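Residue numbers (our numbering), protein chains in the order written: chain A, 704 to 1037; chain B, 7 to 334; chain C, 403 to 726; chain D, 11 to 291.
By construction, the Cβ of each residue, glycine as well, lies at the ideal position given by its N, Cα and C atoms.
Since the model is a prediction, treat every value here as computed from it, not as a measurement.
Worksheet for the structure shown next.
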Amino acid sequence: MAKFLQVKNLSAGYKFNNVTVQAVRNVSFDLKEGEFLGIAGESGCGKSTLAFAITRTLLSPGKIFGGQILINGKDILSLKEEEVRKIRWKEFSIVFQASMNVLNPVMKIKEQMYDAIIYHGHEYGKNLKKRAEELFEFVNISPKYLDAYPHQLSGGMKQRVVIAIALALNPKLIVMDEPTTALDVVVQRRILQEVDRLRKTFGFAVIFITHDLSLLVEISDTLAIMYAGEIIEKANSREIFSNPLHPYTFGLMNSFPPLMGKRKRLHGIAGHPPDLSKQIKGCSFFERCSKRINGKCDVIEPKLVEIERGHFVACNLYAKCYKESTEYGIRASN
Amino acid sequence: MESELQIENGTVEVMRVKKLKKIFVIGTIKKKYIHAVNGVDLDVKQQEVVALVGESGSGKTTMARIISRLYVPTSGEIYLDQKKLPRKMRKSELLKYRKKVQMIFQDPFSSLNPLYPVKYAVERPIKVHKLARKDEIEDRISELFEECGLTPANQFLKRYPYELSGGQRQRVGIARALATKPELILADEPTSMLDVSIRLDIMNLMLDLKEKEGVSYLFITHDLAGAHYVADRIAIMYAGHIMEVGPSDEVINDPKHPYTQLLKRAAPKPEAGLEPEKVDVGGEVPDLANLPIGCPFEPRCLFAKPECKEKLPDMVKVGKDHFVRCVL
Amino acid sequence: MKYILNKTAFFFITLWVAITINFILPRLMPGNPALAMIARYKGRISIQALHSIEVAFGLNIHQSIFQQYFSYLDRTLTFNFGTSLVYYPSTVAEEIAIHMPWTLGLMGITTVISFIVGTLIGIRAAWKRNSALSSSSVVISLFLNSVPYFWIALLFQYILGFVLGWFPISGAYSLIQSKGINMIGSIIYHAILPASTIFITSMGGWILTMRNNMIDELSSDYAIFAYAKGLPEKRIDYNYVARNAILPNFTQFAMAIGFIVSGALLTEMVFSYPGIGYLLYQAVIGLDYPLMQSLFFFITVSVLVANFIMDMLYILIDPRVRVE
Amino acid sequence: MNYVRMFFKDKKILVGATILLTMVFVAIFARYIAPYSPHYMGFTPLESPSFKHILGTTATGQDVFSRVIWGTRMSLAVGLLVGLFTTVISVILALISGYFGGIVDNVISLFINVFLVIPPLPLMIVLAAYMPSRGMWTIILVITVTGWAWGARTLRPQIMSLKNRDFVKASIIVGESSFHTIFIDILPHTLGLIVANFFGTAMYAVISEAGLEFIGLGNVNDISWGTILYWAENDQAMFFGLWSWLLVPGILIALLGTSMALMNFAVDEIINPKLKGEKNG
């Protein structure tokens, strides 16, 4: 399948008066058409910043420091604001974390849906009502709610409305940033099922961002683990689950107590992530890593390299990561 | 039926609530009655962790607030150490109660006063309850900090909450709850706002303290897996009622109530198999201002029978310490 | 609907408080000033005028305080305020009826215009937050907001009226051109200075509150979502952000209108504009207590009505108060 | 603390505080700054500004400049004292109302809202007119009565939301007394708002005082910027072209008002950093 999205060496973050936070550091990945990519990581690992950056909705004080984001081979970072505005929602849409609050409380839901269509001069604009009803059917909401205001809907329904709006122009990619975190488990599960069904019907790709790794393992094709602004491991979900290569991924997998089976003591990962406003030397996970190699991991920054087929990892335990990064000469001299 | 709930395994009961109800009244002219807790019977034994699991709006947080005396229950009884609490407590009685029942909060960011160094949070209960001599207060605080994994204590005492990570703040919250040497700690979703990698450590800390200090917990959560991890018994709450209560392993591995079964299906469990289970139950938590007369879960229940509409099912014993509120 | 019920109840409660203040105040003061005044005026004014004071204060020694209160309520609600002392033999109600239209016209129109213009400037200032317009509008608004109305009025009167002679210094119309179209022209001509005074001084507040509300709303999730939807900036600013940002402004109108009316009254005093403010001034100078009290009552009622109208308009713009 | 540093770095506060402190200085040392006694009536009346009389003289032959200098005292005193009194009243009411809630809260907030919509000037006039004596304290009383509701209205929701924060709940569960919870745990958080509010009402008081004096509801023999304007208007300064008599007191009122408004606004900005120029999330 064709590569729809290519992210190359993307760095982004926030610039305050005298502090620069490097929230996304040198991230690269590809996304095929119709692929379901899960990005997992803890709070502050840069996953939301990545979502904003990919859709170019990172607002001041957020900034993209460098890299490329190619959509169908075209770098959207080089486009002018108005040009981006035009392709936004047509090519890709985004569903936010705080979906409860993303609907304008004083506008009818249908107006907010129509807006997304009208301002892109789309063919659906000819028959707004029909399109809106169709979209509501996709997400299992009665079309009578088109005339409602957001406060008349429950949390789960609002989330579906937002997904319906995201589908409005048949985008090829939907970026979902913790879209179900605030919802109850049952509602969350149902919405995820629907997203999956819609994806199979319409063939759009999904980038699904969450801290809930156990959920992602179940629903996504490919899984990328982020830590301290970098992707440290990426592979097929099942592969990562059964064979995590990075010590952090391993720790994270073991941080979720299994629902069933015998109860036994598990341990989380001690410590906390590094301060992203400071320069990080060597591996960003060094401080918390149980398998760290002193004198190596605190000096050399490992590179994300394919270790097994389709399984990428950035860890100095694997000679290839270590070698590749010295090949490029990154901080090897430090 | 109540007698069936009585002590069976001989351990000492710390807390028991009987027929606990809480109705909130909203509005002045047109009144609206929100039935948050609708007659709950529950007990916690010494050194036991009871998890109260439910979705938002199930009344689990209200339960914690009633037991912590932030709310006065509309009706029902609360027993501490088998002694019934008076509805209105005198100041000195309340103070004694507070010493025995403490709480850990959900949000470690808002549960510490940002204006004071974290030491303040732990110092206050010691001072209020006069738990240490003046010259020993400092030592006691350090001891509590270290007990909760904030070592070395003097590195943390003078820091402000914003200088600590979420996990560290939650440890301070636990140290505060522990300061009065309570018998029961109410933990209101203590890990849900924390990063996944440190949740286990906080739960482990709580379990260690249970062993060391002999404290009991009422662990409130929406996460079935987490409940299974920490709790000896699990109580499933729905619309202000307890639907099922029993030993953790039994409730998880052999859930009896359709709602418990639904929760189990919805919970992620990558260890189980490849294909996630389908959840086909619709609907949402019922409106607490107009609850049905019958079983509150009836409208969503796949196995509902006509009689479910008419009357709230009784608690039925299905195993040792295992009860379920269902006609099935 | 609960909202309307609440607002109506509030309207009547406030009205009752205002009326009662009027009743209680003279009785609270040591040595009952009304009695003192009657003693002072005795022999200098007619029996009717004296009686009017008695009526205004409900002074009837044979009645209990409650009887006095209820007969006072009755008279107030039937607009029976007795005779004015300054404008004797006119009744207070007549005087108010003559002066009210001038104030309503001047103040009503300028307040609405200033609300609209101020709000629009506030929207622009928020959205171009780093522009010169924005920062200068803040400082200018702060200044205008803290300048007394009457002083701006004096300034305009002195510079534009007296020194430059562009506008009339006082009054509402020229006595010479008192017919037809000329009359209208003259009224507008005379209204320009007082109107601009009210306009300029009240606008600052609207700019500031709107700017601050806008800035708050601009960072809200729905605004960012609208941006992500690829809507043009104008659409986001006006249809999404401004529509929400104006909501608290509407409620703030309640707080502000009392202050604006107060300022406008002072403006009228400076320009001898024959409205309620001028009447109030005459009452103050002439120690015409009945007139003063009724004016307080009338102005308060007008402000309350204006508020009530705003509250009702609020239903149109905020769907959340429309509880079905 | 961070706030203190921000307080001194803020340009608006710097300007506001400079104006305010200068005026405080002038008020304290009026005796030494004013060239003549403010009461002395022996100069040629209605004189235009000159070296001898920087701002000219009044119709009764008083030196306007000296009167303006002495007038600083009353305008400042009224502003600051009303600011203080209204702040105390509004903090107490907001605390009772916001912390204890229930019926007390309903009654107090109704009371607050009623006082907010009643137009202040007519109420002040009626109040002042009935006062048995006229003078600074009467004016302070009158403005305080009409001006307290503002602060109470902004503070109350703040206290209510603080009360619902977990750290306050934690304090209650720890067993703290209401006194401790209110004054040690809650009140310090509202300090910024209280300061902002103090300057807001002080500004309102300065303007109101001038207005009341201007229409003659104060003691016209007191010396304040308001009474100076009262006499200027009364003696038709405008027609004699004595602009300085008319303009200078007004400018000073506006300056004092602005200085307070600047402080109010800047403190607001510190509490709510979003309002600042930069967009920060």
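Between the CA atoms of residue j and residue i - distance to the nearest angstrom
i       : j      : result
D/I64   : D/L256 : 13 Å
A/I1033 : B/Q176 : Since pLDDT at A/I1033 reaches only 45, below the 50 mark, its modelled position is unreliable, and the value read off the structure follows with that caveat. Taking the straight line from one Cα to the other gives about 38 Å.
D/L105  : A/A973 : 43 Å
A/E738  : A/V898 : 13 Å
A/R788  : A/V909 : 20 Å
C/L620  : C/I626 : 8 Å
A/K835  : C/L718 : The sequence shown places Ala at residue 835 of chain A, rather than the Lys named in the question. Cα to Cα, the separation comes out at about 25 Å.
A/I928  : B/G60  : 30 Å
D/W253  : D/E219 : 22 Å
B/L215  : B/K125 : 20 Å
C/W553  : C/G567 : 18 Å
A/L886  : A/S857 : 10 Å
B/K315  : B/I40  : 20 Å
A/N720  : A/R791 : 30 Å
C/G632  : D/A215 : 48 Å
C/S539  : D/A264 : 17 Å
C/D623  : A/V798 : 11 Å
D/D73   : C/F700 : 42 Å
A/F841  : A/Y848 : 14 Å
D/I79   : D/A40  : 6 Å
D/S249  : C/M502 : For the record, residue 249 of chain D in the displayed sequence is Phe; it is not Ser. If I take the Cα positions, the gap works out to 30 Å.
C/V541  : C/S533 : 13 Å
C/L407  : D/F110 : 26 Å
A/D818  : C/I525 : 21 Å
B/S9    : A/V890 : Since pLDDT at B/S9 reaches only 39, below the 50 mark, its modelled position is unreliable, and no value is offered.
A/V878  : B/F30  : 40 Å
A/F707  : A/T913 : 22 Å
A/L713  : A/L979 : 15 Å
B/E14   : B/V50  : With a pLDDT of 46 at B/E14, under the threshold of 50, the modelled position of that residue is not reliable, and the figure given next carries that caveat. Cα-Cα distance, rounded: 13 Å.
Integer-rounded CB distance, given that residue j should sit under 8 Å from residue i
i      : j      : result
B/V43  : B/K25  : About 10 Å; that fails the 8 Å criterion.
A/Q815 : A/N807 : 6 Å
B/K105 : B/T186 : 5 Å
A/S923 : A/L740 : 6 Å
D/V127 : C/G660 : 6 Å
- Query: Looking at C-beta atoms only, is the number of pairs between the stretch 83-97 of chain B and the stretch 158-165 of chain B that lie closer than 8 Å three or more?
  - Reply: no
- Item | Interfacial residues, the stretch 791-806 of chain A to chain C, with Cβ spacing under 7 Å | R791, W792, I797, F799, A801, N804, V805 and L806
- Query: Quick one: complete beta strand (DSSP E) runs, 3+ long, within the stretch 915-993 of chain A?
  - Reply: 925-930 and 933-939
- Which full runs of the alpha helix (DSSP H) of 4+ residues lie inside the stretch 588-636 of chain C, going along the chain? 623-630
- Select from the stretch 209-225 of chain B all residues with a C-beta closer than 9 Å to any C-beta belonging to chain A, and list them in chain order. M209, N210 and L213
- Query: Just checking, does the stretch 321-329 of chain B make contact with the stretch 695-712 of chain C on the three C-beta pairs under 8 Å criterion?
  - Reply: no
- Task: Entirely within the stretch 812-840 of chain A and at least 4 residues each: give me those alpha helix (DSSP H) ranges in chain order.
- Result: 812-821
- Item | Every unbroken beta strand (DSSP E) within the stretch 188-223 of chain B, with a cutoff of 3 residues, ordered by chain | 190-194
- At a Cβ cut of 8 Å, what residues of the stretch 741-772 of chain A count as close to chain C, listed as they run along the chain? T758, T760 and L762
- Message: With three or more C-beta pairs closer than 8 Å as the rule, is the stretch 135-153 of chain D touching the stretch 227-247 of chain D?
- Response: yes
- May I ask you to verify whether the stretch 669-682 of chain C touches the stretch 109-128 of chain D, counting CB pairs closer than 8 Å and requiring at least 3? no
- Item | Proximal residues, the stretch 989-1018 of chain A versus chain B, C-beta separation under 7 Å | none
- In the stretch 632-674 of chain C, which residue ranges form an unbroken alpha helix (DSSP H) of at least 4 residues, counting only runs that do not cross its ends? 645-673
- Message: Pairs of beta-carbons, one from the stretch 743-762 of chain A and one from the stretch 598-607 of chain C, closer than 8 Å: are there three or more?
- Response: no
- Task: Answer yes if the stretch 261-275 of chain D comes into contact with the stretch 207-214 of chain D, meaning at least three C-beta pairs across the two stretches below 8 Å, and no otherwise.
- Result: yes
- Per the contact definition of three or more C-beta pairs closer than 8 Å, is the stretch 198-208 of chain D in contact with the stretch 156-173 of chain D? yes
- Query: Mind listing which residues of the stretch 894-920 of chain A have their C-beta closer than 8 Å to chain B's C-betas, in chain order?
  - Reply: Q896, H914, D915, L916, S917, L918 and V920
- Task: Evaluate the contact criterion for the stretch 105-116 of chain B versus the stretch 190-205 of chain B: three or more CB pairs, one atom per stretch, below 8 Å.
- Result: yes
- Of all the residues that make up the stretch 636-655 of chain C, which are near chain A by a beta-carbon distance shorter than 8 Å? R637, N641, Y642, R645, N646 and L649
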